[in-house]
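K.L.:
Note that the sequence shown covers residues 38 to 354 in our numbering.
Backbone N, C-alpha and C fix where the C-beta goes; we use that ideal spot for every residue, glycine too.
Since the structure is predicted, the reported quantities are computational estimates derived from the model, not experimental observations.
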Amino acid sequence: MEQTNALARLEAIHDAVKAVNRGPGNAAAWFAAYALTPSQAQTDEAVADMQLTREALKSSLGGWRAPTGDLLWIYAALLASHGKTAQAFLKVRDALREDEKASRTRKLHEGGSRAALVLTLADATSAQAVRRFFSIKQAILPSWWRANPEVTDLFAASHAARDESGDNVQRQREAAMAVFEADQAARGLKREGARLSVLYQQPANEVLSRFLALREAVKAHRKIRYTGNHHIWMEWAAQGVTPADLPVIEANMEALSKVPQTGAARLRLAQLVWLGERTDGSLGALAAMSAMIAAQTMAIIAITSATTAVVATSAGR
């Protein structure tokens, strides 16, 4: 099968990442490579930038403060490919930690690392952006029995990066939730569907329609059906995937046969390649920053969910 430019570039960067001494392993190497694809530098230079960024992060964070292990490589690749320094990320992380207690919004996930990554990549690094993050987090905090700090921090940071207000985000979510709750097939995913619709700035009725269509269409695509689940279909629906896109994603999976299946890594990477080729405005309301958030989120999910294919956005708020 003839490879697309995106796949060819991904494989070339992956080969360079794998050549790094004591570098990321298995799925992490593939997602680090994908995270480097936006870089304007030559492959060797991009990989070198990632290594330097990782060294700077590890020097400041040590071996026990998050992110660690393969996840540290993912953070370093994302920062380096977007021209961000380790120092910029650490500064935002420190600012979040300093304001954590006064915010009364429960504990930060991974010491604020996930939120700091989103804010740094989006150039939302001011004190005002940090305050906005906590304001939105307060507005969307779920009840304690549905608490998931990873999800809450990710979404609060993503909305804060777009200069939104907590009240507005919450109102949009409630309106979107009513759409999913009214449909029996999507009722169990109403909160997930609502927050994804609002995050990606997609009308809830359109996301619901795509979700229902995908749920049926995947039955004809064995590789996708066996690897994915309803949480993934909902996420894809919010990102603009339609049944017509499934053959492309399945073809990407076949081309990426060397990528491990654990944690649905191959499926996620195949869809990321699809998404990466459509950040030119062809997805309408799915802005470039939203696509970037999707990419970094799924890359991290694939590394942290080594034993499950359930999407991290499926719980919490």
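(1) Helix, strand or coil for residue 180 per DSSP?
(2) Buried or exposed, going by whether 16 or more other CB atoms sit within 10 Å of the CB of residue 120?
(3) According to the neighbour-count rule (16 or more other Cβ atoms, all chains shown, within 10 Å of its Cβ), is residue 59 buried or exposed?
(4) Classify residue 295 as helix, strand or coil using the three-state DSSP reduction.
(5) Give me, in chain order, the residues of the same chain whose beta-carbon lies closer than 7 angstroms to that of residue 293; leave out the 5 immediate sequence neighbours on both sides.
(6) Does the distance from the CB of residue 314 to the CB of residue 139 come in under 8 angstroms?
(7) Cutting at 7 angstroms between CB atoms, please list the residues of its own chain near residue 206, excluding the five before and the five after it.
(8) Could you tell me the alpha carbon to alpha carbon distance between residue 84 and residue 223, rounded to whole angstroms?
(9) Go ahead and label residue 279 buried or exposed: buried means 16 or more other beta carbons lie within 10 angstroms of its beta carbon, across all protein chains shown.
(10) Assign residue 291 to one of two classes, buried (16 or more other C-beta atoms within 10 Å of its C-beta) or exposed (fewer than that).
(11) With C-beta atoms as the reference, is residue 145 less than 8 angstroms away from residue 133?
(12) Return the residue from the list 268, 97, 219, 50 that minimises the CA-CA distance to residue 131.
(13) Starting from the C-beta of residue 15, find all residues in its chain whose C-beta is less than 8 angstroms away, skip the five residues before and the five after it, and write them out in chain order.
(14) In terms of residues, what are the limits of the alpha helix (DSSP H) holding residue 205?
(15) Exposed or buried, what is residue 346 when buried is set at 16 or more other beta-carbons lying within 10 Å of its beta-carbon?
(16) According to DSSP, is residue 106 helix, strand or coil?
(17) So, using beta-carbon positions, are residue 230 and residue 248 closer together than 8 angstroms?
(18) Which residue from 113, 182, 181, 170 puts its Cα closest to that of residue 204?
(19) Can you find the residues in the same chain that come closer than 8 angstroms, C-beta to C-beta, to residue 287, ignoring five residues on each side of it along the sequence?
(20) Tell me the DSSP secondary structure of residue 59 in three-state form.
(21) If residue 255 sits next to residue 283, beta carbons under 8 angstroms apart, how far is it from one beta carbon to the other, in whole angstroms?
(22) Would you say residue 75 lies against chain B (beta-carbon separation less than 8 angstroms)?
(23) Going by the CB atoms, is the gap between residue 107 and residue 61 shorter than 8 angstroms?
P.N.:
Checking against the coordinates, here is how it stands:
(1) As a working note, residue 180 is residue 143 in the sequence shown. Here residue 180 sits in coil by DSSP.
(2) Counting from one through the sequence shown, the residue named residue 120 turns up at place 83. Label assigned to residue 120: exposed.
(3) Residue 59 sits at position 22 when you count from the first residue of the sequence shown. That one is exposed.
(4) Residue numbering aside, residue 295 sits at position 258 when the sequence shown is read from its first letter. Residue 295 falls in the coil class under three-state DSSP.
(5) For this step, residue 293 is matched to residue 256 along the sequence shown. Answer for residue 293: 303, 306, 307, listed in chain order.
(6) Taking the first residue of the sequence shown as 1, we reach residue 314 at position 277. Taking the first residue of the sequence shown as 1, we reach residue 139 at position 102. It is not a contact, given that the beta carbons lie outside the stated cut-off.
(7) In the sequence shown, counting from the first residue as 1, residue 206 sits at position 169. Around residue 206: 173, 176, 177, 196, 235.
(8) Residue numbering aside, residue 84 sits at position 47 when the sequence shown is read from its first letter. Residue numbering aside, residue 223 sits at position 186 when the sequence shown is read from its first letter. Rounded to whole angstroms, residue 84 to residue 223 spans 42 angstroms at the Cα level.
(9) In the sequence shown, counting from the first residue as 1, residue 279 sits at position 242. With fewer than 16 other Cβ atoms within 10 Å, it is exposed.
(10) For the purposes of this step, residue 291 is identified with residue 254 of the sequence shown, where counting begins at 1. Exposed.
(11) Here residue 145 is taken as the residue at index 108 of the sequence shown, counted from 1. Here residue 133 is taken as the residue at index 96 of the sequence shown, counted from 1. A contact, by the Cβ cut-off of 8 angstroms.
(12) Against the sequence shown, residue 131 aligns to sequence position 94. Of the candidates 268, 97, 219, 50, the one whose C-alpha sits nearest the C-alpha of residue 131 is 97.
(13) Residue 15 falls outside the range modelled here, since the chain spans only 38 to 354, and no answer is possible.
(14) For this step, residue 205 is matched to residue 168 along the sequence shown. It spans 203-218 - the alpha helix (DSSP H) in which residue 205 sits, taken as one unbroken run.
(15) The residue you call residue 346 lines up with position 309 of the sequence shown. Per-residue confidence for residue 346 stands at a pLDDT of 35, beneath the threshold of 50, marking its modelled position as unreliable; no derived number is given.
(16) Position 69 of the sequence shown, counting from 1, holds the residue named residue 106. In the structure shown, residue 106 sits in a helix (DSSP, three-state: H, G or I).
(17) The count along the sequence shown starts at 1 and reaches residue 230 at position 193. The count along the sequence shown starts at 1 and reaches residue 248 at position 211. Yes, the pair counts as a contact, with Cβ atoms nearer than the cut-off.
(18) The count along the sequence shown starts at 1 and reaches residue 204 at position 167. Nearest C-alpha to residue 204: 170.
(19) Position 250 of the sequence shown, counted from the first residue, corresponds to residue 287. Only 258, 260, 261, 307 meet the Cβ criterion.
(20) Stepping through the sequence shown from its first residue, residue 59 is reached at position 22. Residue state, collapsed to three classes: coil.
(21) For the purposes of this step, residue 255 is taken as residue 218 along the sequence shown, with counting starting at 1. For the purposes of this step, residue 283 is taken as residue 246 along the sequence shown, with counting starting at 1. Between residue 283 and residue 255 the Cβ distance is about 7 angstroms, and since that is below 8 angstroms, they are a contact.
(22) Judged by its chain identifiers, the structure shown contains no chain B, having just a single protein chain.
(23) Indexing the sequence shown from 1 puts residue 61 at position 24. Indexing the sequence shown from 1 puts residue 107 at position 70. Against a cut-off of 8 angstroms, the Cβ pair of residue 107 and residue 61 comes out as a contact.
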